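Chemist: In our numbering, the protein residues as written are 138 to 343.
Don't be surprised by glycine CBs; every beta carbon is placed ideally from N, CA and C.
Predicted model, so just to flag it, every value in this text is computed and none were measured.
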Amino acid sequence: MMRWAQQGWERLSLYLPVLLMGLLALGTWWLVRNAPAPLAASQSATAPDQPDYSMKNFAVKSFDATGRLQSEVMGETARHYPGTDTLEIDQARMRSVAPNGRLTVARADRALSNGDGSEVQLFGNAVVTREPTPAGGSASAQPRLEFRGEFLHAFTQEEKVRSNRPVQLTRGNDRFTADTMEYDNLDQVLQLNGRVRGVLMPTPAK
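1. Output the distance between the C-alpha atoms of Pro278 and Gly238, rounded to the nearest integer angstrom.
2. Write down the C-beta distance between Thr314 and Arg299 rounded to the nearest angstrom, noting that I regard them as a contact closer than 8 Å.
3. Out of curiosity, what's the CA-to-CA distance linking Leu306 and Leu329?
4. Mapping DSSP to helix, strand and coil, what is Met338?
5. Hey, Asp227 and Gly212 are a contact pair by Cβ (cut 8 Å); roughly how many whole angstroms apart?
6. Looking only at its own chain, which residues have a Cβ that is under 7 Å from the Cβ of Trp166, when we skip the five neighbours before and after it?
7. Are the CB atoms of Thr266 and Glu283 within a distance shorter than 9 Å?
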């Protein structure tokens, strides 16, 4: 069991950075930058705790110089609050497409981003999924990876992700749960705290 657990942590440490970097690249800040700026007169007339503009049933896409889709942000309603320069999105849905075609998607009941996109919070039924990718060239096949919880707080510039609520990580048939989590991509350190449990399935014999 200890050997399986060690192997499971090693496998998880290999693929979790890919998932979390996909989350950080999901493009919420594109919505902030591409949203129409309100007039100065409207800004001064709006109370700081009231939205100065909103959008309904929207979708904002970003493309690279070749026209390839990089990210997309969708939601039922988005509200911008000038007092805190934050953007709140109801029923947020986001996806990011890597240059190799790997797809990472995320959804939550509510998302909150600050003005420059350096902090993104996902609230309620937050799910981030990296779809499986087949082997190609020197790269090996990667199974489906899912990160699920009621709260996720991402710091995009510092490349950190935290959660003070229970989380569940699933990679293929392996599953880990913990009361809280903190991940630092720069230092490659993952901390699962509280009641940490793991279910590891043996690798099928070749």
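Modeler: Let's see:
1. The sequence as given places Ala at residue 278; Pro does not occur at that position. So the alpha carbons of these two residues sit roughly 13 Å apart.
2. About 16 Å; that fails the 8 Å criterion.
3. 10 Å
4. coil
5. 6 Å
6. Per-residue confidence for Trp166 stands at a pLDDT of 48, beneath the threshold of 50, marking its modelled position as unreliable; the derived number appears in the next sentence. Only Ser250, Asp253, Gly254 meet the Cβ criterion.
7. Going by C-beta atoms, Glu283 is nearer than 9 Å to Thr266.
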